[in-house]
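Inspection log for the structure reproduced underneath, given as structure tokens.
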Ligand SMILES: Nc1ncnc2c1ncn2[C@@H]1O[C@H](COP(=O)(O)OP(=O)(O)OP(=O)(O)O)[C@@H](O)[C@H]1O
Ligand SMILES: [Mg+2]
């Protein structure tokens, strides 16, 4: 179904006044298609010619008026950059956090579809204990650069509206940068394509008409489960080698498609050298993962596994963080 009747963002739209400019990764850095050069020329010509009306892209997905406005504000720069032609369907969303949409890629792209992860303005404001994940992190602007401006840093500290907007962008940039690092390192994740102040564009995983399921909805045979489990551990090791802990890893954040896995959802990822709760959060990731794999018949001991992997990659085990600091993540508003 392409409809989403429960969507009401009226009171959230005010947050999108004066959106800062989007940042896009130059396509030629990511997609080796012969048509890129020609397209770049065409882009500069067409952009200068764009009228207000031409800025409005097609949304085949039957969105409510407010959702349309929200999508237009969040994705129009990607459209102008000729990443996509149309928004076909909502893959998941309509709740309090992010919504992910399947987009029809621009016809010069090597992909048929793209996935756009668009954030609720309040997503990160609802994250309880956000400082638990942000410890040691840099504050990033919409170009992915560290923020040094004292006024901005003060606003973040005081959690003013301005400060919360900066933090919102910083979370998204953090997710995008983590995806870039991990994709570069060969992890099984959707290829990150571009980031904006309120959205991330990435490779779409799935069929023409249905997105790939998350692992928690998939029943694996024992041999499949073994194979997938090893793959997940391999990816965890890639993350550890690159100083990253996922921070919200579970079968809910792994896509399963065509026998392959794709880890997703990285805003909470953290650096073990910068975050004193890293091991406790890492162990929680392993616990949640093993909950799924144990049901699939895999014998795994999450605590031992977490310790072994952690030590194998040269990290120290700090005293566990107070468990009350770790759960639950989201305030039930
Ligand atoms: N690249 C992708 N291709 C296909 N589907 C995707 C992709 N990325 C995300 N999804 C779908 O969108 C859902 C939400 O994405 P994600 O987990 O990144 O966001 P979230 O903020 O955690 O939202 P939720 O809390 O609903 O999981 C995923 O569970 C998955 O079904
Ligand atoms: Mg998720």
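In the working numbering, the protein residues as written are 45 to 377.
C-beta atoms are modelled at their ideal positions from N, C-alpha and C, and glycine is treated no differently.
Considering only the beta carbon of each residue, do residue 107 and residue 129 sit closer than 9 Å? Against a cut-off of 9 Å, the Cβ pair of residue 129 and residue 107 comes out as no contact.
Hey, would you say residue 291 sits closer than 9 Å to residue 325, going by beta carbons? In this structure, residue 325 lies closer than 9 Å to residue 291 by Cβ.
Which residue comes first and which comes last in the beta strand (DSSP E) that contains residue 339? Under the DSSP assignment, residue 339 falls outside any beta strand (DSSP E), being part of the alpha helix (DSSP H) whose first and last residues are 322-339.
Please report the Cβ distance between residue 284 and residue 336, rounded to the nearest whole angstrom; I am assuming they are in contact, meaning their Cβ atoms lie under 8 Å. Residue 284 to residue 336, Cβ: 20 Å. No contact.
Assigned secondary structure, residue 161 (DSSP; H/G/I helix, E/B strand, else coil): Residue 161: strand per DSSP, three-state reduction.
Counting pairs of Cβ atoms below 8 Å between the region 229-238 and the region 252-267, do you hit three or more? They do not touch, by the three-pair rule.
Residue from 126, 180 and 220 whose Cα sits closest to the Cα of residue 317: Proximity to residue 317 across 126, 180 and 220 peaks at 180, based on C-alpha coordinates.
Run of the alpha helix (DSSP H) containing residue 238, from where it starts to where it stops: According to the DSSP assignment, residue 238 belongs to no alpha helix (DSSP H) but to the beta strand (DSSP E) extending over 236-239.
Report all residues from its chain with a CB closer than 6 Å to the CB of residue 231; omit the five preceding and five following residues, and keep chain order. Excluding positions up to five away in sequence, the list reads 279 and 282.
Answer with buried or exposed for residue 314, where buried requires no fewer than 16 other C-beta atoms within 10 angstroms of its C-beta. Per the 10 Å Cβ criterion, buried.
In chain order, what residues of the same chain lie with their CB nearer than 6 Å to the CB of residue 214, ignoring the 5 residues before and after it? For residue 214, same chain residues with a beta-carbon under 6 Å away, outside a window of 5 residues either side, are 183 and 184 in chain order.
Assuming residue 272 contacts residue 264 under a Cβ cut-off of 8 Å, what Cβ separation, rounded to an integer in Å, is found between them? Here residue 272 really is in contact with residue 264; their C-beta atoms are around 6 Å apart, less than 8 Å.
At a cut-off of 8 Å, would you count residue 258 as near ligand 1, judging by its Cβ distance to the nearest heavy atom? It does: the Cβ of residue 258 is within 8 Å (strictly closer) of some heavy atom of ligand 1.
So the beta strand (DSSP E) residue 267 belongs to, where does it begin and stop? Not the beta strand (DSSP E): residue 267 falls in the alpha helix (DSSP H), residues 266-285.
Could you name the residues of the same chain whose beta carbon sits closer than 6 Å to that of residue 344, not counting the 5 residues immediately before and after it, in chain order? Same-chain partners within the cutoff: 334 and 337.
Is it a yes or a no for the region 296-316 touching the region 207-223, going by three-plus beta-carbon pairs under 8 Å? In short, these stretches touch, since the Cβ pair count reaches three.
Residue closest to residue 141, alpha-carbon to alpha-carbon, out of 162, 302, 157 and 152: A check of alpha carbon separations from residue 141 across 162, 302, 157 and 152 identifies 162 as the nearest.
For the beta strand (DSSP E) holding residue 129, just list the boundary residues, first then last. Segment 128-136, the beta strand (DSSP E) holding residue 129.
Which of helix, strand or coil DSSP assigns to residue 217: Correct three-state label for residue 217: helix.
Taking the alpha-carbon positions, what's the residue 247 to residue 111 distance? Each residue's alpha carbon lies about 22 Å from the other.
Do residue 295 and residue 342 count as a contact pair if the criterion is CB distance below 9 Å? For residue 342 and residue 295, no; Cβs fall outside 9 Å.
Using 9 Å as the threshold, is the C-beta distance between residue 160 and residue 177 below it? No, they are not a contact pair.
When you compare only the Cα positions, how much space is there between residue 137 and residue 164? Whole-angstrom Cα-Cα distance: 10 Å.
Where residue 153 and residue 198 are concerned, what is the direct C-alpha to C-alpha distance, given to the nearest angstrom? Residue 153 and residue 198: Cα-Cα distance of roughly 42 Å.
Residue 142 (DSSP reduced to helix, strand or coil): In this structure, residue 142 counts as strand in the three-state DSSP scheme.
Beta-carbon contacts of residue 223 that lie in its chain and below 8 Å, excluding the five residues immediately before and after: Taken in chain order, the residues that qualify are 233, 234, 236, 244, 246 and 310.
Are residue 306 and residue 362 closer than 9 Å when you measure CB to CB? Cβ distance not < 9 Å, so residue 306 and residue 362 don't count as in contact.
By a C-beta neighbour count over all protein chains shown, 10 Å radius and 16 as the cutoff for buried, is residue 299 buried or exposed? Result: buried.
Is residue 296 near ligand 2, in the sense that its beta carbon is under 8 Å from a heavy atom of that ligand? Flag set: Cβ of residue 296 near ligand 2.
With DSSP run on the structure shown, which of helix, strand or coil describes residue 348? Correct three-state label for residue 348: helix.
How far does the beta strand (DSSP E) with residue 306 in it extend, from its first residue to its last? Run containing residue 306: 304-307, per the beta strand (DSSP E) assignment.
Beta-carbon proximity list for residue 116, same chain, < 7 Å, skipping 5 on both sides: Excluding positions up to five away in sequence, the list reads 100.
Measuring alpha carbon to alpha carbon, tell me which of 143, 251, 105 and 155 ends up nearest residue 127. The candidate whose alpha carbon is nearest that of residue 127 is 155.
Would you give the residue range spanned by the beta strand (DSSP E) that residue 245 belongs to? For residue 245, the uninterrupted beta strand (DSSP E) run begins and ends at 243-247, by DSSP.
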